[in-house]
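As structure tokens, the structure follows; a few thoughts come after it.
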Amino acid sequence: MESLYLLIPLSLLLVAGLAYLLYWSIQGGQFDDLQGPGESILLDDDGPQRKDPPNI
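Next up, the structure:
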């Protein structure tokens with residue numbers, strides 16, 4: 008029972024810290040565009056380069 012006097016405040020501090028980190032990441036723009044960076048690699052393809060055969 009006495010351990011609860013320590014564990015409950017520590018768990019509340021942990022939850023408050025995680026809530027602050029979530030708020031900070033949302034305000035910092037971490038979740039603005041989730042699809043764009045993942046699909047940008049697909050749009051950057053220029054296609055295969057055609058090489059001419061060497062003249063002999």
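Using our numbering, you'd call the opening residue of the sequence shown number 8 and step up by one each time.
Here a beta-carbon is modelled for each residue, glycine too, at the ideal position from N, C-alpha and C.
Practice item. Could you have a look at residue 46 and say whether DSSP puts it in helix, strand or coil? Key: The three-state secondary structure of residue 46, taken from DSSP, is helix.
Check your understanding: What is the rounded straight-line gap between the Cα of residue 19 and the Cα of residue 49?
Key -> Rounded to whole angstroms, residue 19 to residue 49 spans 44 Å at the Cα level.
Check your understanding: From residue 9 to residue 15, what distance separates their C-alpha atoms?
Key -> When rounded, the distance between both Cα atoms is 11 Å.
Review point. Does the distance from the CB of residue 32 to the CB of residue 38 come in under 9 Å?
Key: Result yes, Cβ atoms of residue 32 and residue 38 sit closer than 9 Å.
Check your understanding: Straight-line CA distance for residue 30 to residue 41?
Key -> As the crow flies, the alpha-carbon of residue 30 is around 17 Å from that of residue 41.
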